[in-house]
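Student: I have a structure here, written as structure tokens, and I will follow up with some questions on it.
Spelled out as structure tokens, the structure:
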């Protein structure tokens with residue numbers, strides 16, 4: 082509790098406050114707040130502590146001890162204020178430290194906190210929460226009732242999954258994780274923790290390089306197997322994104338009825354027309370044609386806009402049998418789930434392979450892949466993705482579980498890369514991400530230590546396209562083609578942030 086309070090105080094100090102109000106609860110989260118209040122007051126900050134009960138009435142022995150100690154010093158303590166009194170207290174603060182409810186909370190918030198939290202949220206004041214914003218479930222990220230909207234969250238030991246799931250990102254603000262004490266790595270290694278955060282410096286080895294003797298083939302080649310008469314645009318988005326993301330040579334293999342449309346939209350991308358069925362989707366003879374050309378490329382991306390047909394399922398099956406890095410997205414994943422009824426993890430031989438395989442499902446596609454089990458939040462998405470990865474048992478299999486917070490799941494690690502803005506929630510955004518991933522797989526030529534980190538780089542770039550496009554078009558007006566247009570800027574943004582995080586001067 083001493084370490085936690087010290088860390089929370091250090092996060093509050095980032096905002097250089099003169100006057101801090103600490104809202105405390107009944108338990109140990111409140112104890113952290115009492116410690117932080119004591120530390121801040123000793124550093125010359127004016128501090129008010131608001132408590133629902135007298136310090137002597139706190140049931141937790143350790144929290145009662147630190148509350149008594151702090152109350153006996155030069156800290157102003159207000160017990161059980163009315164709403165109007167609380168409003169007046171909070172209005173004087175530069176920063177409010179939320180130490181009301183901690184990681185043990187679940188369900189609906191009760192009085193007096195059901196009054197305190199809305200009162201706080203109505204004010205324009207900087208808020209720092211300890212561990213999780215009060216009212217948020219630390220495991221699910223759900224909030225059944227009032228929940229603190231924090232500008233920052235000072236969480237302890239390891240980030241809580243609820244901060245990145247459900248309503249978590251909306252309420253947590255910037256997350257700071259405190260290690261609290263030395264030898265943390267030894268402790269954490271003994272604990273089954275859900276995921277690791279990808280820091281910008283972790284991506285330094287994954288920037289695509291352009292040596293002086295590069296040519297369009299050595300830069301990396303991508304075959305995009307995608308499209309149909311119904312959805313030709315998905316193939317266009319994925320192929321253009323792959324080219325913009327750095328692949329030197331991109332080809333589209335698509336059903337014959339939509340080939341000319343794609344040629345007109347992408348004059349710099351060769352288009353191979355393959356046999357189609359009566360609906361303009363991949364036909365029965367398509368797998369044979371694709372089998373011949375696919376091994377010539379450094380990476381194959383399959384799925385965007387292809388629809389689920391018998392021919393499409395055969396195409397996916399054929400590509401899985403080839404020794405070429407493969408990204409399966411969108412309808413390729415739905416085809417895969419049809420191939421293995423009952424969940425592909427029940428028949429891992431269908432997708433187990435030596436060459437790298439990257440799956441990029443959103444929640445509904447992921448649910449189909451595991452036999453229609455519910456996948457409706459970040460926790461269940463990670464669990465489902467781990468089922469797939471562990472069933473195959475391959476170091477070269479990665480699941481990019483897409484959502485408001487994307488989780489990248491490998492055999493040993495789950496990673497949270499940089500998240501993006503709500504502007505990415507637009508049709509075609511996933512096709513752009515698939516193209517970015519395929520390009521980076523191709524550019525790497527298989528020389529990758531950790532495929533999860535390569536995918537993290539691609540997701541970070543995709544996230545930055547959302548920010549860059551929103552700054553130009555407005556958050557509500559971004560469409561998928563806008564993301565492609567700012568890909569170069571997004572890659573520069575990721576590189577600058579990574580170098581800065583690593584302490585490297587870009588001029589060096």
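In this note's numbering, the protein residues as written are 82 to 589.
Glycine included, every Cβ here is placed at the ideal spot set by N, Cα and C.
Could you give the residue range of the alpha helix (DSSP H) that holds residue 343?
Tutor: 337-346
Student: Which of the three DSSP states, helix, strand or coil, is assigned to residue 202?
Tutor: DSSP places residue 202 within a helical segment (H, G or I) once states are collapsed to three.
Student: Residues in the same chain with beta-carbon distance under 6 Å from residue 522, minus the five sequence neighbours each way, listed in chain order, please.
Tutor: 380 and 406
Student: Assuming contact is defined by CB atoms lying nearer than 9 Å, are residue 307 and residue 387 in contact in what I supplied?
Tutor: Between residue 307 and residue 387, the C-beta gap is smaller than 9 Å, which places the two residues in contact.
Student: Quick check: what's the CA-CA separation for residue 473 versus residue 434?
Tutor: Distance between the alpha carbons of residue 473 and residue 434 is about 8 Å.
Student: Residue 214 and residue 228 look like a contact to me (Cβ under 8 Å); what is the Cβ gap, rounded to whole Å?
Tutor: Between residue 214 and residue 228, the beta carbon gap of about 6 Å places them in contact (Cβ cut-off 8 Å).
Student: So the beta strand (DSSP E) residue 297 belongs to, where does it begin and stop?
Tutor: Careful: residue 297 lies outside any beta strand (DSSP E) and carries neither H nor E.
Student: Among residues of its own chain, excluding the 5 on either side of residue 485, which ones have a beta-carbon nearer than 7 Å to its beta-carbon?
Tutor: Excluding residues up to 5 positions away in sequence, 250 lie with their Cβ nearer than 7 Å to the Cβ of residue 485 in the same chain.
Student: In chain order, what are the residue ranges of uninterrupted beta strand (DSSP E) at least 3 long that sit wholly in the region 105-141?
Tutor: 127-132
Student: Comparing the CB of residue 462 with every heavy atom of the ligand SAH, is any distance shorter than 8 Å?
Tutor: With respect to small molecules bound, the structure shown includes none, and the ligand SAH cannot be examined in it.
Student: Mind checking who residue 489 pairs with in its DSSP beta bridge?
Tutor: 481 and 496
Student: Can you tell me whether residue 566 is helix, strand or coil according to DSSP?
Tutor: helix
Student: Please identify the residue among 448, 174 and 163 whose C-alpha is closest to the C-alpha of residue 197.
Tutor: 163
Student: Assuming residue 237 is part of the beta strand (DSSP E), what are its boundary residues?
Tutor: Per DSSP, residue 237 belongs to the beta strand (DSSP E) from 233-237.
Student: Since residue 324 and residue 350 should fall inside the 8 Å C-beta cutoff, what is the C-beta to C-beta distance between them, to a whole number of angstroms?
Tutor: 7 Å
Student: With a floor of 4 residues, list each alpha helix (DSSP H) that falls wholly inside the region 399-450, ordered by position along the chain.
Tutor: 412-420 and 444-450
Student: Tell me the start and end of each unbroken alpha helix (DSSP H) in the region 490-555 that is at least 4 residues and wholly inside, in chain order.
Tutor: Listed in chain order, the complete alpha helix (DSSP H) runs (minimum 4 residues) inside the region 490-555 are 510-525 and 532-554.
Student: Taking 9 Å as the threshold (C-beta atoms), are residue 278 and residue 497 in contact?
Tutor: yes
Student: Between residue 418 and the rest of its own chain, which residues show a CB-CB distance below 7 Å, the 5 nearest in sequence each way excluded?
Tutor: 425, 449 and 450
Student: Residue 329 and residue 300 - do their beta-carbons sit closer together than 9 Å?
Tutor: Cβ distance < 9 Å, so residue 300 and residue 329 count as in contact.
Student: Under the assumption that residue 154 contacts residue 122 (Cβ atoms under 8 Å), give the Cβ distance between them as a whole number of angstroms.
Tutor: 7 Å
Student: For the alpha helix (DSSP H) containing residue 454, name the first residue and the last one.
Tutor: Neither: residue 454 is in no alpha helix (DSSP H) and is coded neither H nor E.
Student: Helix or strand or just coil, what does DSSP make of residue 278?
Tutor: strand
Student: Closer than 7 Å by C-beta to residue 246: which residues in its own chain qualify, once you throw out the five before and the five after it? Chain order, please.
Tutor: Apart from sequence neighbours up to five positions away, the residues of its chain that approach residue 246 with a beta-carbon distance below 7 Å are 221, 222, 458, 459, 460 and 486, ordered along the chain.
Student: Quick test of the definition: if touching needs 3 or more C-beta pairs under 8 Å, does the region 509-526 touch the region 535-549?
Tutor: yes
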